[in-house]
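Student: Input: one structure, supplied below.
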Amino acid sequence: MVERLSTLQTFQIGISTILEKQAELQRTQQELAAGKKILSPADDPSAAVKVLDIQEDLALVDQYGRNATLARSQLSLEESALSQVGVVLQRVRELAVQANNAVQNPESREAISVELSERLNELVAIANSRDGNDEYLFAGFQARSQPFTRTGNDVSYNGDDGQRFLDIAAGSQVAVRDSGSRVFLAPRAGNGDFDFAAGAANAGTAVVKDSSVSGSFIRDDYTLTFIQAAPTDPVTYEVTDSSAAVVASGTYASGSEIVFNGARLVIEGVPEAGDTITVDGEPRQSIFTTISELVEVLEDTTTDSSSNAAVANAVASGLNNLNQALDNVLEVQTDVGVRLSRIDTQETINEEFDLSLRTALSDVQDLDFAEAISRLNLQLVALQAAQQTFVTTQGLSLFDYL
Numbered sequence: 000m001v002e003r004l005s006t007l008q009t010f011q012i013g014i015s016t017i018l019e020k021q022a023e024l025q026r027t028q029q030e031l032a033a034g035k036k037i038l039s040p041a042d043d044p045s046a047a048v049k050v051l052d053i054q055e056d057l058a059l060v061d062q063y064g065r066n067a068t069l070a071r072s073q074l075s076l077e078e079s080a081l082s083q084v085g086v087v088l089q090r091v092r093e094l095a096v097q098a099n100n101a102v103q104n105p106e107s108r109e110a111i112s113v114e115l116s117e118r119l120n121e122l123v124a125i126a127n128s129r130d131g132n133d134e135y136l137f138a139g140f141q142a143r144s145q146p147f148t149r150t151g152n153d154v155s156y157n158g159d160d161g162q163r164f165l166d167i168a169a170g171s172q173v174a175v176r177d178s179g180s181r182v183f184l185a186p187r188a189g190n191g192d193f194d195f196a197a198g199a200a201n202a203g204t205a206v207v208k209d210s211s212v213s214g215s216f217i218r219d220d221y222t223l224t225f226i227q228a229a230p231t232d233p234v235t236y237e238v239t240d241s242s243a244a245v246v247a248s249g250t251y252a253s254g255s256e257i258v259f260n261g262a263r264l265v266i267e268g269v270p271e272a273g274d275t276i277t278v279d280g281e282p283r284q285s286i287f288t289t290i291s292e293l294v295e296v297l298e299d300t301t302t303d304s305s306s307n308a309a310v311a312n313a314v315a316s317g318l319n320n321l322n323q324a325l326d327n328v329l330e331v332q333t334d335v336g337v338r339l340s341r342i343d344t345q346e347t348i349n350e351e352f353d354l355s356l357r358t359a360l361s362d363v364q365d366l367d368f369a370e371a372i373s374r375l376n377l378q379l380v381a382l383q384a385a386q387q388t389f390v391t392t393q394g395l396s397l398f399d400y401l
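Going by numbering that gives the first Met the number 0, the first residue of the sequence shown is number 0, and it counts up by one from there.
This is the structure in structure tokens:
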């Protein structure tokens, strides 16, 4: 049976074919213009979901990159400030050694005290350093409030122990600041195990020349008291703990060791009856207090032997505390350096992950231009053929053959 097509049907088939070829050609042109093979989610729902997932991951990696840049900036500022603190402490240490020289007189010591006071101001200014957002580096979470305030020789801390963190990768955070408490208030004092201080009312010339731990140190607060019943009697000593129990006693000899509960002191000079030396078994002292104590002991001295002994004891204790403070600053600096190194390593990992994500995104949505151009040429040929066929068919008529 022969199927007959009317003239109208022939026209409709020709026009439909041309419109179809034009639509295919237009689609390919749009893909070439956009450089994408997915122009809408309807084109490939599964691929469109993958594209969204990859784009979300890329946005996260980009945010991690911004966080890493901010973290590096914050830590670099802190590293610079800590370096300045180290320079100030080294100068304070030099001044303390200079003040303890026997050739110094009250006037020269007072001059050293004035410079130490200025160094204290300098240290407070560094501790109040701010970043580009006008936030204080060493205030903990109270970054909008000035952390340190000096009143006389006392420096108070108005911040907290908070520490800010930034995400630099999924499950990876880095601390971008250290509180002023950790840097300036928390250094260990003395020899690291215990600290000593001569009594303010001491009238003799006893000076602590060395202190260390001997054996197993029992942490407690101790008081070493010198005793002499009569001027012709030998000087003895007695060491009591925080409960007033006697833990050691003996006859004092200049330059000899006094050992009690694992603590060891070497004392030289001639103490007066009633002179004391206290031992702190949990020694922590702020850097500001260490410098303030040096300022106070040097600003009002005399030439008598007991005043020189007071200076010697204060400087000896101060030097120990300065060494501990420098060690603490170095420890924080090392920690900051480790964090900066972590950021560098994580940035490299993030860059590699970003590249792999972009490669995956390109595989899913980017157009193969060579294939698309070949397809465009074929579609042009097909469209032209459809148009020519329509024109030829349109011209056919039985009347041409009568």
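By construction, the Cβ of each residue, glycine as well, lies at the ideal position given by its N, Cα and C atoms.
Runs of 4 residues minimum, wholly inside the segment 120-167: which ones carry the alpha helix (DSSP H) assignment?
Tutor: Taking only runs of at least 4 residues, no alpha helix (DSSP H) segment lies wholly in the segment 120-167.
Student: State the CB to CB distance for the pair Gln162 and Gly139, rounded to an integer number of angstroms; the pair is presumed to be in contact (CB under 8 Å).
Tutor: Going by Cβ atoms, the distance from Gln162 to Gly139 rounds to 7 Å, so yes, they are a contact pair.
Student: Span of the beta strand (DSSP E) holding Ile217?
Tutor: Here Ile217 belongs to no beta strand (DSSP E), and DSSP marks it neither H nor E.
Student: Sort out for me which residues DSSP pairs Gly179 with in a bridge.
Tutor: The partner list for Gly179 (beta bridge, DSSP) is empty, contrary to what the question assumes.
Student: In chain order, what residues of the same chain have a beta carbon less than 7 Å from the beta carbon of Glu295, not counting five sequence neighbours either side?
Tutor: Counting only Cβ-Cβ distances below 7 Å, and skipping sequence neighbours, we find Asn152.
Student: Are there 16 or more other CB atoms within 10 angstroms of the CB of Gln387, so buried, or fewer, so exposed?
Tutor: Gln387 is exposed by the Cβ-count criterion.
Student: Name the two residues that bound the continuous alpha helix (DSSP H) containing Val335.
Tutor: From DSSP, the alpha helix (DSSP H) with Val335 extends over 304-364.
Student: Output the residue ranges of the alpha helix (DSSP H) runs that lie fully inside the segment 232-304 and measure 4 residues or longer, sorted by chain position.
Tutor: Listed in chain order, they are 286-297.
Student: Let me see if you follow: with CB-CB separation under 8 Å, is Gly151 close to chain C or not?
Tutor: Absent from the structure: chain C. Only one protein chain is present.
Student: I'd like the span of the beta strand (DSSP E) that includes Val102, first residue to last.
Tutor: Neither: Val102 is in no beta strand (DSSP E) and is coded neither H nor E.
Student: What do you reckon, are the CB atoms on Ile290 and Leu122 nearer than 8 Å?
Tutor: It is a contact, given that the beta carbons lie within the stated cut-off.
Student: Within 10 angstroms of its Cβ, does Asn132 collect 16 or more other Cβ (buried), or is it exposed?
Tutor: Per the 10 Å Cβ criterion, exposed.
Student: Hey, out of Pro105, Arg341, Asp209, Lys49, whose CA is closest to Thr300's CA?
Tutor: That would be Pro105, whose Cα lies nearest to the Cα of Thr300.
Student: On a CA-only basis, which of Asp353, Ala313, Asp194, Gly64 is nearest Ala98? Give me that one, please.
Tutor: For the residues Asp353, Ala313, Asp194, Gly64, the minimum Cα distance to Ala98 belongs to Ala313.
Student: When you compare only the Cα positions, how much space is there between Ala110 and Glu298?
Tutor: Approximately 8 Å, taken between the alpha carbons.
Student: Could you spell out the range, first to last residue, of the beta strand (DSSP E) harbouring Ala205?
Tutor: Ala205 -> no beta strand (DSSP E), and no H or E assigned at all.
Student: Helix, strand or coil for Gln54 per DSSP?
Tutor: Note: Gln54 maps to helix in three-state DSSP.
Student: To the nearest angstrom, how far is the alpha carbon of Ser215 from that of Pro282?
Tutor: Approximately 17 Å, taken between the alpha carbons.
Student: Going by the beta-carbon positions, is the gap between Leu356 and Ile53 smaller than 8 Å?
Tutor: Yes, the pair counts as a contact, with Cβ atoms nearer than the cut-off.
Student: Are Val182 and Gln73 touching if we call contact CB-CB under 8 Å?
Tutor: No, these two residues do not count as a Cβ contact at 8 Å.
Student: Name the DSSP bridge partner or partners of Phe195?
Tutor: Per DSSP, Val278.
Student: Figure out for me which residue from Leu377, Leu293, Asn66, Gly158 has the closest Cα to the Cα of Leu165.
Tutor: The shortest C-alpha separation from Leu165 is found at Asn66.
Student: Hey, is the segment 328-341 in contact with the segment 228-237, meaning 3+ C-beta pairs nearer than 8 Å?
Tutor: The segment 328-341 is not in contact with the segment 228-237.
Student: What distance in whole Å lies between the Cβ atoms of Ala80 and Ser128, which are believed to be in contact at a cut-off of 8 Å?
Tutor: Confirmed, Cβ separation roughly 5 Å.
Student: Going by DSSP, name the residue or residues bridged to Leu59.
Tutor: Paired residues: none, contrary to the question.
Student: Which of helix, strand or coil does DSSP assign to Gln25?
Tutor: Correct three-state label for Gln25: helix.
Student: On the CB-based measure, 16 or more other CB atoms within 10 Å of its CB, does Ile342 come out buried or exposed?
Tutor: Ile342 should be labelled buried.
Student: Around the Cβ of Leu377, are there at least 16 other Cβ atoms within 10 angstroms (buried) or fewer (exposed)?
Tutor: By the 10 Å Cβ count, Leu377 comes out exposed.
Student: For Arg118, which option in Thr347, Ile286, Gln323, Thr302 has the closest C-alpha, if you only look at C-alpha atoms?
Tutor: Nearest option by C-alpha distance: Ile286.
Student: With DSSP as the reference, label Ala67 as helix, strand or coil.
Tutor: Ala67 falls in the helix class under three-state DSSP.
Student: Is the Cβ-Cβ distance between Thr222 and Thr235 less than 8 Å?
Tutor: Cβ distance not < 8 Å, so Thr222 and Thr235 don't count as in contact.
Student: Compare the beta carbon distance of Leu264 and Phe195 with 8 Å and say whether it is the shorter of the two.
Tutor: Yes.
Student: Using 10 angstroms around the beta-carbon of Gln62, count the other beta-carbons present and answer buried if the total reaches 16, otherwise exposed.
Tutor: Its Cβ having fewer than 16 others within 10 Å, Gln62 is exposed.
Student: Where do the ends of the beta strand (DSSP E) carrying Ala174 lie?
Tutor: Start and end: 171-174.
Student: Roughly how many whole angstroms lie between the Cα atoms of Ala324 and Gln284?
Tutor: Rounded to the nearest angstrom, the two C-alpha atoms are 9 Å apart.
Student: Rounded to whole angstroms, what is the Cα-Cα separation between Ile14 and Val390?
Tutor: Between Ile14 and Val390, the C-alpha separation is close to 10 Å.
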